[in-house]
Every structure is written in C-alpha cells, then in structure tokens.
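Visitor: One point on numbering: in this note's numbering, the residue at position 24 of the sequence shown is 7, and numbering is uninterrupted.
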Amino acid sequence: MLLTPEDIQKILQTVPKRKERIPDYTPAAVMMIFLNKNQATHLVYIRRTRGMSLHSGQMAFPGGKIDLEDDTSLTTAIRETYEEIGISSKEYQYLGDMGYFHTLTSRYDAAAHLAWSPGPLRYRINSREVAEIVEIPVQILMSQFRSDLNEDDLNELMYLNFQYQPEGSSKNYTLWGLTARITHHFLKGLKKQREL
C-alpha cells in the first residue's frame, strides 16, 4: 500500500477529532511520520529504552509531554521528534493532526500530529530514551484492523493491539495502549476513505 500526502490529508478531513484537552491530565504530543520505501508506506515507531519511569520498553510514536516553553502541541511534537530520533521538521512535510487521545492508566492526553517523508530518513537516535526505531508497513497494520471495535468501550480498548515481526527476524513488536489506539483511529479513517 502506497499513500501520498494528499491521501493522508483526505483521511485527516474525515476522521473524528477531539479538539479539547482533558483537564488534570498531563498534556503531551506525538508525531506520526509516514514514509515511503520499498514501494510501500511505513509508519515510524520507536521502542522506548528500559529503565524509563513511564512507558519503559514500550512501542510508541516519537513524542512526549508539553513543556512550559512549547507554544503549541505541534511545537512539542516537533521538538520531541528531533530530541528522540534526530529528525528535524525540514526532513518531513507536516500534514495536520487527529486531535487528542488519552492514556487509560497514566493520565496523559496527547495530541496526534501527522507528517510525511517521501523516502528513507537518517535517524540520529537518543539512546537514553530510544532503544530502536521500527518502521512498520501500513499494509501490515491494516491487515489487523478491527472494524468491529467500539472505540467508546474501555474494555475493548484495553486489549487492542497490533503485532509485527519483520521478515527474516525473530523479533516481535507489540503496539498497545495509546499507540495502538492512535494507529487504529488512523486506519479507521483509511478504511473509510478506501471505501468511498
């Protein structure tokens, strides 16, 4: 599956968005970077290092909590993406956001921003925060999309996950929690767009 920036922007126009943050939740932001390589669109994920206080060892999008000096959630997403994987905003095209998503346990409320790169990126990993970068083909994620999922049912959301094992590798990656929910929300928009 090969997506263009225009495809992604069309999806952004159709997905429902929560525009207001939840009071008393820690504000945060993430950057979903789409890139095309090997004739397929991939999403860029990171695996957090072990030993971090929160979300240790988990799969995530680049991102983090909003600092006082950040003007907007987009500023945070851009800053965190650069701090964690060394990719500056000059290396991708910003496409828009999908609104806010909250964690179910750690009380974070994260804005999900989307960006697109026409080809491979040169990562400069901050090894204190990021153990590795994993680029997952959107087609593989789409094959696990659950059209029956009720996004308003917390019990269903608790068990939502995506599995990925790169070809020829013994490594297995699991997306769950906030990262899986943001991914699923985008895929729901993609499925709807493909059906039009």
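The beta carbon of each residue, even a glycine, is placed where N, CA and C say it ideally should be.
Using only alpha-carbon positions, find the residue among P101, G82, D(-10), A163 that is nearest to R1.
Guide: Measuring from the Cα of R1, the nearest candidate turns out to be G82.
Visitor: Measure the C-alpha to C-alpha separation of K48 and L143 and round it to an integer number of angstroms.
Guide: Near 23 Å, if we compare the C-alpha coordinates of L143 and K48.
Visitor: Helix, strand or coil for V27, going by three-state DSSP, please let me know.
Guide: V27 falls in the strand class under three-state DSSP.
Visitor: Please state whether DSSP places G69 in a helix, a strand or coil.
Guide: Three-state result, G69: coil.
Visitor: My understanding is that Y106 touches I68, with C-beta atoms under 8 Å, so please give their C-beta distance in whole angstroms.
Guide: Contact flag correct, Cβ pair sits at about 5 Å.
Visitor: State the start and end residues of the unbroken alpha helix (DSSP H) segment that holds M125.
Guide: It spans 121 to 125 - the alpha helix (DSSP H) in which M125 sits, taken as one unbroken run.
Visitor: If you run the structure through DSSP and keep just helix, strand and coil, what is K2?
Guide: If DSSP states are grouped into helix, strand and coil, K2 belongs with coil.
Visitor: Would you report the Cα separation of V(-2) and R111, rounded to the nearest angstrom?
Guide: In a straight line, the C-alpha of V(-2) is about 35 Å away from that of R111.
Visitor: Nearest-angstrom Cα distance between N133 and R164?
Guide: Each residue's alpha carbon lies about 11 Å from the other.
Visitor: So what's D(-10) in DSSP terms, helix, strand or just coil?
Guide: D(-10) falls in the helix class under three-state DSSP.
Visitor: What residues match up with K20 in a beta bridge as DSSP calls it?
Guide: Paired residue(s): A23.
Visitor: Rounded to whole angstroms, what is the Cα-Cα separation between E63 and V13?
Guide: Their Cα atoms are separated by approximately 8 Å.
Visitor: Need the endpoints of the alpha helix (DSSP H) that F44 sits in, please.
Guide: From DSSP, F44 is part of no alpha helix (DSSP H); its letter is neither H nor E.
Visitor: Can at least three beta-carbon pairs, one atom from the segment 4 to 12 and one from the segment 122 to 136, be found at a separation below 8 Å?
Guide: The segment 4 to 12 vs the segment 122 to 136: no contact.
Visitor: Flag G102 as yes if its beta-carbon sits less than 9 Å from any beta-carbon of chain C, otherwise no.
Guide: Among the chains in the structure shown there is no chain C, since it carries only a single protein chain.
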